[in-house]
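Line by line, the protein sequences are chains Y and G.
For the first sequence, the numbering used here gives the first residue as 1, with consecutive numbering after it.
For the second sequence, the numbering used here gives the first residue as 378, with consecutive numbering after it.
For reference, the structure discussed in these notes is given below.
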Amino acid sequence: MWSLAKKLLLHDRLRFAVAIAGVSVSVMLVLVQVGLYFGFMDTASSLIDASHADLWVGKAGNESFEFASPFDERAFYKVASVRGVERTERVLMNFAQFKLADGGDLGVQIVGIETTPGRVPLLAPWRVVAGDLNRLGEAGAIIVDKSEYPKLKIDRVGHTTEITGVRAQVVALTQGIRSFTTSPIVFADMRSARSFMPGLGDNAVTYVLVKVAPGESVAAVKARINALPHLAAYTTSEMSKRTRAYWSSRTGVGAGFFTTAVLGVIVGFVVVGQILYSGTLQYIREYGTLKAMGARNSMVVRVIVAQALISAAIGFVVGGALAFGMQAAMAKANLSVALFPSLYAATLVVTIAMCSLAALLSIVKVLRLDPASVFKG
Amino acid sequence: MEAAFALTDTLPGIARAPATLARLVGIGKVYGTGANEVAALTDATLEIRAGEVTLIEGPSGSGKTTLISILGLLLKPTAGEVWIEERNVAGLSERNLPPLRARNFGFVFQGFNLFPALTALDNVAIAIQMKDPRAKDPRGEARRLLALVGLADRSHHLPADLSGGQKQRVAIARALGGDPPILIGDEPTAALDTKTALSVMELLRELATVQRRAVVVVTHDPRLERFADRVVHVEDGRIQ
């Protein structure tokens, strides 16, 4: 069956090329759109996912990770004193104005973290590619991402600027840490961060990161913290999911990307369906002849399904490669397309289902084909 | 000139075949209902015997195609009996008919109906495989059948590279796939020039004589009568 299916497909090479193009574009669209979605979601939760904390504690009622309201530092001490808490660290997040080299300003997202010499913070810049992370504790020291160079109009470690009128100096660079809000992330020590955001006061904290003591239950500690007034604790995993869900639903980005992916599947479905159907019509007398001579419907249907599966397999390989190329091209535009084995596997299943369903019309045509029709005309 | 035939083989299934391979008794076929009812065949009785070439002649619309469609189990009669393998199969459902067709019939058509994408060998082999998915060596059998019809040296040619006569020989080889005792031809020579038509008819004649197959051919061409053991005239749905 496979040999017959292959020969029937390849006999009209132009039509076969159109079918493969249809499947390939469909596969590429699905992979790139879903990959972009996951890439954005990875970006949205990257700070949380990179932390070593067991729990994130914020002000109750906060919906957005980035736009969270700060609370008074006294709450930090309350959390630190909860039974089962081994270690706590403050995080201060808000937006500030970054002075550009050409005199303009750019809104940046300040992430103030605790830097204690000799101790690895629960949240710290990662993928540091230049400069010295240990200098972050210096007054006014900041760490930015290399990919934000063009936006920030800087070109080297050591660049000096002002954030909300306060002197700041780039002491290190990271690679690939970006914000979903499109405002560049600027890491700073807590003291520097507070100086960059004077409006928040000297005692503001946005999150308290908690490391649970060995042997203690994370869920139990979380419950104890949640019992404190005006605070809400989430495990790191919960916080990550919550943030992804917020951006996915509030911005409609999820629906947007998945709608495009579905449109891709529909395009592939229509193209493959049309190609298979026209191919079936082209060979309808031959199929009828086989049926007349005793071929069972199932045998003829297998030939059509085999054609669909061959189109799916080749289209998937081509589309997968195209998506890989798109990923590289989009990376240059600072867009992250998250392609991973399970996404490829899921897309392969979708492609096979799409091509098999596209073959349905042809299958119905063959099933309804009256073998006696070969004697007519 | 077509290659010489190689009809020296005898097929084991044929040797055991009864003299009467198929029998139509009192066949009637009505199309449509009520005011639109048309009787295509009325009380048609026909016996198909091994080793005989039967020509079915008649004007267009006389019921020839309906007759061979019913004989070939492609169409159900509205009345009468169809005896194949010594049983009346007229009432069998479509689900049960493919194996009966595969065992008993090979078809040859005016338009050849060969897959243009497949070589002569593949066209024959795929039919053998479709008829019997458990066939042991369909390609080997296809080679043997192509040699039988004088096309051993054309087995790797596509239909587009074959003459009309050669295409019809491929179609005959395909019809012989699965070793059916009855070959049914629907105007198999109509698309061929006189010389080629006679050559194809000679081949069918030899298949009947040498291999004891029953050959039933619908035709308008009276020149083919010399190859026939019997000529059946159908007119207005009745066998004359």
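Note that beta-carbon positions come from the ideal geometry of N, C-alpha and C, so glycine has one too.
With a cutoff of 8 Å on beta-carbon distance, G/P515 and G/A502 are scored as near each other.
Beyond the five residues adjoining it in sequence on each side, G/H533 comes within less than 8 Å, by CB distance, of T496, A497, L498 in the same chain, given in chain order. Note on geometry: alpha-carbon atoms of Y/P125 and Y/V262 lie some 37 Å from one another.
In this structure, Y/I225 lies away from Y/V91, with their beta-carbon atoms at least 8 Å apart. In the DSSP assignment, G/A519 falls within the alpha helix (DSSP H) that extends over 515 to 525.
One Cα belongs to G/P493, the other to Y/M28, and the distance between them is close to 33 Å. Taking C-beta atoms under 8 Å as the contact rule, Y/E63 and Y/Y246 qualify, at a distance of about 6 Å.
If you ignore the 5 residues before and after Y/S362, its C-beta comes within less than 7 Å of the C-beta of L276, Y277, T280, I304, all in its own chain and listed in chain order.
Between Y/V374 and G/F482, the C-beta spacing is not below 8 Å. Residues of chain Y with a Cβ closer than 9 Å to the Cβ of G/I559 do not exist, since the nearest Cβ in that chain sits about 11 Å away. Taking the beta carbon of G/T431 as reference, no residue of chain Y falls within 7 Å; the closest one sits roughly 16 Å away.
By the C-beta criterion, the segment 403 to 417 of chain G is judged to be in contact with the segment 449 to 469 of chain G, since at least 3 inter-stretch pairs fall below 8 Å. Nearest to G/L450 by C-alpha distance, out of G/S439, G/S437, G/N465, is G/N465. Close to chain G, meaning a Cβ-Cβ distance shorter than 9 Å, are the following residues of the segment 6 to 37 of chain Y: K7, L8, L9, L10, H11, D12. With fewer than 16 other Cβ atoms from the protein chains shown falling within 10 Å of its own Cβ, Y/G201 counts as exposed. For the beta strand (DSSP E) assignment, the uninterrupted runs of no fewer than 3 residues enclosed by the segment 92 to 164 of chain Y are, from N- to C-terminal side, 105 to 113, 128 to 131, 141 to 145, 160 to 163. Interface criterion met: the Cβ of G/N490 is under 8 Å from a Cβ in chain Y. No Cβ of chain Y is located within less than 8 Å of the beta carbon of G/G440.
At a Cβ-Cβ threshold of 8 Å, Y/L360 and Y/K291 do not count as neighbours.
Within its own chain, the residues whose Cβ lies closer than 8 Å to the Cβ of Y/P214, once the five positions on either side in sequence are excluded, are E86, listed in chain order. Comparing alpha-carbon positions, the option among Y/A130, Y/A295, Y/G158 lying closest to G/I505 turns out to be Y/A295. Taking a Cβ-Cβ cut-off of 7 Å, the neighbours of Y/Y283 in chain G comprise F492, given in sequence order.
Residue nearest to Y/P371 within the set Y/S24, Y/E286, Y/I352, Y/G319 is Y/E286 (criterion: CA-CA distance). Classified as exposed, Y/T160 has fewer than 16 neighbouring CB atoms from the shown chains inside 10 Å of its CB. If you draw a straight line from the Cα of Y/R244 to the Cα of Y/E148, it is about 22 Å long. Residues of the segment 287 to 305 of chain Y whose Cβ lies closer than 7 Å to any Cβ of chain G, in chain order: T289, L290, A292, M293, G294, A295, R296, M299. DSSP lists Y/L209, Y/Y234 as the beta-bridge partner residues of Y/W56. For G/E602, the three-state secondary structure derived from DSSP is helix. In chain order, L451 make up the part of chain G whose C-beta sits under 7 Å from the C-beta of Y/P371.
Taking 8 Å as the cut-off, the Cβ atoms of G/F489 and G/I561 do not count as close. Per DSSP, the continuous beta strand (DSSP E) segment holding G/E458 begins and ends at 456 to 461. Within the segment 223 to 269 of chain Y, the runs of alpha helix (DSSP H) that reach at least 4 residues and sit entirely inside it are, in chain order, 236 to 250. In this structure, G/D606 places its C-beta atom within 8 Å of the C-beta atom of G/T431. The straight-line gap separating the alpha-carbon atoms of Y/V79 and Y/T88 is approximately 8 Å. Sixteen is the threshold: when 16 or more other Cβ atoms of the shown chains lie within 10 Å of the Cβ of G/P475, as they do, the residue is buried.
Listed by position along chain G, the residues whose Cβ is nearer than 8 Å to that of Y/F375 are T442, I445, S446, L451, F486, D563.
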